[in-house]
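A short worksheet on the structure shown next.
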Amino acid sequence: INSGVINVIIGDFVRAIDSPRKLIHRTGILSMLLTILTCDQTVGIFLPVKILRERYDKYQIPREILFRTISDTGIVIAPLLPWNINYLIIVGIIGTGINFIPYAVFCYISPAIAMLSGFLYPGKTKHDPALHATDLANQI
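Going by my numbering, the sequence shown opens with residue 114, and the numbers climb by one from there.
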(Lines of atoms letter the chains of each structure in order from A and count residues from 1; the text may use other names and numbers.)
(Lines give C-alpha, C1' and ligand atoms only; values in the text may rest on other atoms or scores of the structure.)
Protein backbone atom coordinates (compact mmCIF):
# COMPACT_ATOMS: atom_id res chain seq x y z
CA ILE A 1 0.00 0.00 0.00
CA ASN A 2 1.40 3.37 -1.03
CA SER A 3 -0.21 6.26 0.88
CA GLY A 4 1.92 8.97 -0.72
CA VAL A 5 2.87 10.55 2.61
CA ILE A 6 6.56 10.60 1.73
CA ASN A 7 5.81 12.30 -1.58
CA VAL A 8 4.04 15.11 0.25
CA ILE A 9 6.68 15.52 2.93
CA ILE A 10 9.87 15.48 0.87
CA GLY A 11 8.65 15.64 -2.72
CA ASP A 12 9.45 19.33 -3.31
CA PHE A 13 12.78 18.96 -1.54
CA VAL A 14 13.81 16.20 -3.96
CA ARG A 15 12.22 17.70 -7.08
CA ALA A 16 14.29 20.89 -6.63
CA ILE A 17 17.50 18.94 -7.30
CA ASP A 18 18.85 20.19 -10.61
CA SER A 19 22.59 19.56 -10.41
CA PRO A 20 25.02 16.94 -9.08
CA ARG A 21 26.23 19.34 -6.41
CA LYS A 22 22.71 20.02 -5.17
CA LEU A 23 22.04 16.27 -5.19
CA ILE A 24 25.02 15.60 -2.92
CA HIS A 25 24.06 18.42 -0.55
CA ARG A 26 20.43 17.39 -0.36
CA THR A 27 21.46 13.79 0.26
CA GLY A 28 23.41 14.89 3.33
CA ILE A 29 20.68 17.21 4.56
CA LEU A 30 17.96 14.58 4.08
CA SER A 31 20.00 11.93 5.85
CA MET A 32 20.74 14.21 8.82
CA LEU A 33 17.13 15.41 9.11
CA LEU A 34 15.75 11.89 9.05
CA THR A 35 18.27 10.76 11.68
CA ILE A 36 17.35 13.72 13.87
CA LEU A 37 13.57 13.49 13.45
CA THR A 38 13.16 9.73 13.68
CA CYS A 39 15.62 9.16 16.56
CA ASP A 40 17.05 6.31 14.51
CA GLN A 41 19.88 6.42 12.02
CA THR A 42 18.48 3.44 10.10
CA VAL A 43 15.79 5.63 8.53
CA GLY A 44 18.45 8.23 7.73
CA ILE A 45 20.32 5.55 5.80
CA PHE A 46 17.69 3.54 3.95
CA LEU A 47 15.19 6.20 2.94
CA PRO A 48 17.68 8.56 1.20
CA VAL A 49 19.19 5.61 -0.66
CA LYS A 50 15.78 4.42 -1.80
CA ILE A 51 14.64 7.89 -2.85
CA LEU A 52 17.84 9.25 -4.42
CA ARG A 53 19.67 6.29 -6.00
CA GLU A 54 18.03 6.71 -9.40
CA ARG A 55 19.00 10.38 -9.49
CA TYR A 56 22.61 9.43 -8.80
CA ASP A 57 22.41 7.05 -11.75
CA LYS A 58 20.88 9.70 -14.03
CA TYR A 59 23.61 12.19 -13.13
CA GLN A 60 26.18 9.40 -13.53
CA ILE A 61 27.46 9.90 -10.00
CA PRO A 62 28.92 6.71 -8.56
CA ARG A 63 26.79 5.10 -5.86
CA GLU A 64 29.85 5.18 -3.62
CA ILE A 65 29.35 8.93 -3.31
CA LEU A 66 25.73 8.40 -2.27
CA PHE A 67 26.80 5.93 0.41
CA ARG A 68 29.74 8.04 1.58
CA THR A 69 27.58 11.15 1.85
CA ILE A 70 25.02 9.32 3.98
CA SER A 71 27.79 7.79 6.06
CA ASP A 72 29.46 11.17 6.62
CA THR A 73 26.25 12.97 7.55
CA GLY A 74 23.29 10.97 8.87
CA ILE A 75 25.25 8.19 10.53
CA VAL A 76 27.97 10.15 12.32
CA ILE A 77 25.68 12.73 13.93
CA ALA A 78 23.72 10.09 15.87
CA PRO A 79 26.01 10.11 18.95
CA LEU A 80 25.45 13.88 19.32
CA LEU A 81 21.69 13.52 19.71
CA PRO A 82 20.63 13.00 23.34
CA TRP A 83 17.48 11.13 22.20
CA ASN A 84 19.47 8.63 20.10
CA ILE A 85 20.52 5.22 21.39
CA ASN A 86 24.13 5.87 20.35
CA TYR A 87 24.31 8.82 22.72
CA LEU A 88 22.77 6.80 25.54
CA ILE A 89 25.25 3.95 25.03
CA ILE A 90 28.24 6.30 25.09
CA VAL A 91 27.00 8.10 28.19
CA GLY A 92 26.24 4.78 29.87
CA ILE A 93 29.66 3.31 29.13
CA ILE A 94 31.89 6.27 29.91
CA GLY A 95 29.55 7.88 32.43
CA THR A 96 30.39 11.48 31.57
CA GLY A 97 27.06 12.81 30.38
CA ILE A 98 27.22 15.51 27.76
CA ASN A 99 30.89 16.23 28.56
CA PHE A 100 32.12 13.92 25.78
CA ILE A 101 30.69 16.08 22.97
CA PRO A 102 33.68 18.48 22.64
CA TYR A 103 35.85 15.40 22.08
CA ALA A 104 33.56 13.91 19.44
CA VAL A 105 35.20 16.07 16.76
CA PHE A 106 34.63 13.53 13.99
CA CYS A 107 30.87 13.66 14.57
CA TYR A 108 30.54 17.33 13.69
CA ILE A 109 33.52 17.81 11.34
CA SER A 110 32.55 14.94 9.02
CA PRO A 111 29.21 16.45 7.89
CA ALA A 112 30.95 19.76 7.17
CA ILE A 113 33.56 18.02 5.03
CA ALA A 114 30.84 16.05 3.22
CA MET A 115 29.04 19.29 2.35
CA LEU A 116 32.31 20.85 1.20
CA SER A 117 33.02 17.87 -1.03
CA GLY A 118 29.62 18.43 -2.63
CA PHE A 119 30.73 21.93 -3.66
CA LEU A 120 33.93 20.51 -5.08
CA TYR A 121 32.31 17.66 -7.02
CA PRO A 122 33.30 18.08 -10.69
CA GLY A 123 30.08 16.59 -12.06
CA LYS A 124 27.99 17.94 -14.88
CA THR A 125 25.60 20.74 -13.97
CA LYS A 126 23.54 20.55 -17.15
CA HIS A 127 19.82 20.84 -16.49
CA ASP A 128 17.96 17.67 -17.46
CA PRO A 129 14.17 18.10 -17.72
CA ALA A 130 13.73 14.33 -17.56
CA LEU A 131 14.88 14.41 -13.94
CA HIS A 132 11.99 16.68 -13.02
CA ALA A 133 9.49 14.60 -14.96
CA THR A 134 10.30 11.50 -12.91
CA ASP A 135 7.53 10.75 -10.47
CA LEU A 136 8.91 10.44 -6.95
CA ALA A 137 6.41 7.69 -6.21
CA ASN A 138 8.11 5.46 -8.78
CA GLN A 139 11.42 5.84 -6.95
CA ILE A 140 10.05 4.79 -3.59
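Beta carbons are placed, not taken as given, at the ideal position from N, Cα and C, and that holds for glycine.
This structure is a prediction, so every number in the text was calculated from the model and none was measured.
On a Cα-Cα basis, can you pick out the residue from Leu146, Tyr169 and Arg168 that is closest to Val189?
Leu146
The alpha helix (DSSP H) spanning Ser223 covers which residue range?
Val218 to Leu233
What is the DSSP secondary structure of Pro195, counted as helix, strand or coil?
coil
Could you tell me whether the region 160-172 touches the region 197-215, using the rule of 3 or more Cβ pairs below 8 angstroms?
no
Can you find at least 3 beta carbon pairs, one from the region 223-236 and one from the region 127-139, that sit closer than 8 angstroms?
yes
Measure from the alpha carbon of Cys220 to the alpha carbon of each residue in Pro192, Ile178 and Thr155, then state which is nearest.
Pro192
Which residues bound the alpha helix (DSSP H) around Val127?
Val118 to Arg128
Can you tell me where the alpha helix (DSSP H) with Ile149 in it begins and where it stops?
Pro133 to Thr151
Between Gly141 and Thr186, how many whole angstroms is the CB-CB distance? I'm expecting something under 8 angstroms.
4 angstroms
Could you check which residue in Ile164, Leu201 and Ile174 has the C-alpha nearest to that of Asn120?
Ile164
Taking the beta carbon of Thr182 as the centre, do at least 16 other beta carbons fall within 10 Å, making it buried, or is it exposed?
By the neighbour-count rule (16 or more Cβ atoms within 10 Å), Thr182 is buried.
Buried or exposed for Ala225, going by 16 or more other Cβ atoms inside 10 Å?
exposed
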